[in-house]
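> Structure incoming, see below.
Residue numbers (the working numbering), protein chains in the order written: chain A, 45 to 376; chain B, 45 to 376.
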């Protein structure tokens, strides 16, 4: 236990992210200072946002070459100099792509153990909470409304769509490929699915949303957002959760046509959010999501990559859309 | 009184609007049917929206060649078959570019006379109400917030900015040309002005909004919206009132960069609105605006074109930004 394997950023991607941007290194085991906690990473979350952090400053400072790659982790306390934590505690935090990390106790969040533990990284983790805050907290779908979710086979979209179904909405998911679309309906109970790789989006939205769109939960931006804008109903709401179509490129597309023209003529509201902004909502989300997962109202889809050394390929594949459900790396 | 001069649309503009798209015709005096009212147009409102109606369906059906050009009017009742109206009543309605028009009584709105009557077309008319609903009703600026208004020398922007000042905000206006910018500060009491024709927008917004932008009241869209997006503060609000930069062209620009990326990272809200959606707000607006105009809290700027035959040139000039304040046509 004297060495700490970690994945460092070799160079920032100029265009698409590749394996050449990462290297596996052996570093010294870190040691906790006053009020700090040493943690052992169990699972590492892979998220499109990881790539966005490499593009520039977002809600966190831009990542830089030479740093350990950043990532959200589920971990176990090994040694604690903080009164709030003891060895063996399960915690989540911004640990990065490494086997062990040290954080101040105030930046860690204790979580009760449950089986399977992976649910704490998927439906009960940051993506599930994001889906809950965005859909139940902000979007607030009403029974009978038509809700469209993009990246609907992903970690956030799959939960967001199922929450909209629980609220009585008619839910249409957008995903890439026939198999994902089949599973949106079969596994998650969506009312319809659109394959953005093979369908004409404008035409498909017209067919699958004959009454227009009341609420669009957008994980992708770009052309998908543009197509949805043209199909929105009067007074429709667009929840801006992510922009995955624009993360893995040096040349982000211009904004969607219809902004702001269609916002005016259709009186639309577009709202961006980050789950961390509202701790009260997180508590509500954790309680409701656990109930829904336990009683089977929400089906959890997970895509677990084994081994820290496979995290780069896992993220590259995630950006190419190869995952179904929440992708994470089993580190220990 | 047997002939009715009117301006008809000859052909829809393919690109920029020009005098060749209109013709002056003499039509027969219309006659009111059951529950209809014959009105004599006193003032005709010229608005950027007139041009938007020629681009396609908006919140009204697209205009078509051969029709009388559409426009909002202040008029006097000549003959009434509706119990709610009597000859001599002052009314506002969708009368179009003509000396006389007939409308069902239910589509007319009676207004109390006041001096000068033109105020009923400017600060107390549709643009003033739009400014009130958008700024006071939706934007709700707080004391000390930084508010930016585009097309700030226009009919809506000039009132919206002054309302934000009344609410205690620091107000920065964007307009075209040094003289307009001078008057934003001198006439309307704005804290600063930016000349979009001569200043670098990104740089100027940085200088004039050192604490960022909390609320952006957008009348123009396009590059101005894009520049504002990059200067917005966390949790900022963007009120989408109009898109004048994109109306007079066959090739609308793509949407602004930063949509939806900056909406997510900065947790912004963009909201479009139309004043007609909320009759309760209109009543509040009429009451508050009249008070503010009467006590001098709001300075009214008007730009009156004389004669129906000059309406086409008046609208073409408005789209080129030659007006200061509310442009209208004195018809009778």
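Note that beta-carbon positions come from the ideal geometry of N, C-alpha and C, so glycine has one too.
#1: Below 7 Å CB to CB, which residues in the same chain sit around residue 205 of chain A once its five sequence neighbours on both sides are set aside?
#2: Which of the three DSSP states, helix, strand or coil, is assigned to residue 374 of chain B?
#3: I believe residue 179 of chain A touches residue 219 of chain A by the beta-carbon criterion, under 8 Å. Please report the beta-carbon distance rounded to the nearest angstrom.
#4: At what residues does the beta strand (DSSP E) containing residue 178 of chain B begin and finish?
#5: In the DSSP assignment, what residue or residues form a beta bridge with residue 154 of chain B?
#6: Report the neighbours of residue 290 of chain B on chain A: residues whose CB is nearer than 7 Å to its CB, in chain order.
#7: Quick check: what's the CA-CA separation for residue 101 of chain B versus residue 107 of chain B?
#8: I'd like to know whether the C-beta atoms of residue 94 of chain A and residue 115 of chain A end up nearer to each other than 8 Å.
#9: Do you know how far the Cα of residue 369 of chain B is from the Cα of residue 200 of chain B?
#10: Comparing the C-beta of residue 214 of chain B with each C-beta of chain A, is any distance below 8 Å?
#11: Quick one: list the residues of chain A neighbouring residue 293 of chain B, beta-carbon separation under 7 Å, in chain order.
#12: Quick check: what's the CA-CA separation for residue 203 of chain A versus residue 263 of chain B?
#13: Would you say residue 128 of chain A faces chain B, with C-beta separation under 8 Å as the test?
#14: Would residue 318 of chain A pass as an interface residue toward chain B - the criterion being a Cβ-Cβ separation below 8 Å?
#15: What are the complete beta strand (DSSP E) segments, minimum 3 residues, inside the region 53-98 of chain A?
#16: Pick out whichever of B:147, B:143 and B:130 has its Cα sitting closest to the Cα of residue 137 of chain B.
#17: Roughly how many angstroms lie between the CA atoms of residue 300 of chain A and residue 279 of chain A, to the nearest whole one?
#18: With 8 Å as the C-beta to C-beta threshold (strictly closer), list the residues of the region 247-271 of chain A near chain B in chain order.
#19: Is any beta-carbon of chain B found at less than 8 Å from that of residue 287 of chain A?
#20: Ignore the nearest five residues each way along the sequence and tell me which others in residue 157 of chain A's own chain have a CB closer than 6 Å to its CB.
#21: Who are residue 369 of chain A's beta bridge partners in DSSP?
#22: Consult DSSP for residue 114 of chain A and reduce its assignment to one of helix, strand or coil.
#23: Relative to the alpha-carbon of residue 296 of chain B, which residue among B:303, B:302 and B:288 has its alpha-carbon at the smallest distance?
#24: I need the boundaries of the alpha helix (DSSP H) containing residue 361 of chain A, first residue and last residue.
#25: Note down, in chain order, every chain A residue with its Cβ under 9 Å from the Cβ of residue 110 of chain B.
#26: Beta-carbon of residue 302 of chain A versus every beta-carbon of chain B: anything under 8 Å?
#27: Given residue 222 of chain B, which residues of its chain have a CB within under 8 Å of its CB, disregarding the five upstream and five downstream residues?
#28: Could you check the C-alpha separation between residue 322 of chain B and residue 77 of chain A for me, to the nearest Å?
#29: By Cβ distance below 8 Å, which residues in the same chain neighbour residue 97 of chain A in space, the five residues on each side in sequence not counted?
#30: Is it right to say residue 110 of chain A is buried, meaning 16 or more other beta carbons lie within 10 angstroms of its own, or is it exposed?
#31: When you compare the CB positions of residue 81 of chain A and residue 153 of chain A, do they come within less than 8 Å of one another, or not?
#32: Quick one: what's got a C-beta closer than 6 Å to residue 381 of chain B's C-beta in the same chain, skipping five residues either side?
#33: Quickly, what does DSSP pair residue 120 of chain B with across the bridge? List them, please.
#34: Under 7 Å between beta-carbons, which chain A residues line up against residue 200 of chain B? List them in chain order, please.
#35: Would the beta-carbon of residue 144 of chain B fall within 8 Å of that of residue 67 of chain B?
#36: Report buried or exposed for residue 54 of chain B, applying the criterion of at least 16 other Cβ atoms within 10 angstroms of its Cβ.
Reading off the structure:
#1: Excluding residues within five positions, the ones whose Cβ falls inside 7 Å are 193, 196, 215, 217, 232 and 234.
#2: Residue 374 of chain B falls in the strand class under three-state DSSP.
#3: Actually they are not in contact, since the Cβ atoms of residue 179 of chain A and residue 219 of chain A sit about 17 Å apart, beyond 8 Å.
#4: Segment: none, residue 178 of chain B is in no beta strand (DSSP E) and carries neither H nor E.
#5: Partner(s): B:135.
#6: Within 7 Å of the CB of residue 290 of chain B, the CB atoms of chain A belong to 305, in sequence order along the chain.
#7: Their backbone Cα atoms lie some 8 Å apart in a straight line.
#8: Their beta carbons are under 8 Å apart, which means residue 94 of chain A touches residue 115 of chain A by this criterion.
#9: Approximately 8 Å, taken between the alpha carbons.
#10: When Cβ-Cβ separations below 8 Å define contact, residue 214 of chain B makes no contact with chain A.
#11: Per Cβ cutoff of 7 Å: no residues; residue 293 of chain B is ~12 Å from chain A at best.
#12: When the Cα atoms are used, residue 203 of chain A and residue 263 of chain B turn out to be separated by approximately 37 Å.
#13: Residue contact check for residue 128 of chain A against chain B: no CB pair falls below 8 Å.
#14: Yes - at least one Cβ of chain B is within 8 Å of the one on residue 318 of chain A.
#15: Segments of the beta strand (DSSP E) lying fully in the region 53-98 of chain A: 66-72 and 80-89.
#16: Measuring from the Cα of residue 137 of chain B, the nearest candidate turns out to be B:147.
#17: Roughly 19 Å between the two C-alpha positions.
#18: Under the 8 Å Cβ criterion, the region 247-271 of chain A contributes 262, 265, 269 and 270.
#19: It does: the Cβ of residue 287 of chain A has a partner Cβ on chain B nearer than 8 Å.
#20: Within the same chain, residue 157 of chain A has close Cβ partners 134.
#21: Under DSSP, residue 369 of chain A takes part in a beta bridge, and its partners are A:198.
#22: The answer is coil: DSSP assigns residue 114 of chain A none of H, G, I, E or B.
#23: Comparing Cα positions, the closest option is B:288.
#24: Note, residue 361 of chain A: alpha helix (DSSP H), 355-363.
#25: Chain A residues near residue 110 of chain B: none, gap ~24 Å exceeds 9 Å.
#26: Yes, contact with chain B.
#27: Cβ neighbours of residue 222 of chain B within its own chain (closer than 8 Å, five residues either side excluded): 239 and 242.
#28: Cα to Cα, the separation comes out at about 59 Å.
#29: When the five nearest sequence neighbours on each side are left out, the beta carbons in the same chain lying within less than 8 Å of the beta carbon of residue 97 of chain A are those of 104, 106, 107 and 114, in order along the chain.
#30: Counting the other Cβ atoms within 10 Å of the Cβ of residue 110 of chain A gives fewer than 16, which makes it exposed.
#31: For the pair residue 81 of chain A and residue 153 of chain A, the CB atoms are not nearer than the 8 Å cut-off.
#32: The displayed coordinates of chain B run from 45 to 376. Any statement about residue 381 of chain B would go beyond what the structure contains.
#33: Beta-bridge annotation (DSSP): residue 120 of chain B is paired with B:84 and B:134.
#34: Near residue 200 of chain B there are no residues of chain A at all, since even the closest Cβ is about 12 Å away, more than 7 Å.
#35: Taking C-beta atoms as the reference points, residue 144 of chain B and residue 67 of chain B fail to come closer than 8 Å.
#36: Exposed.
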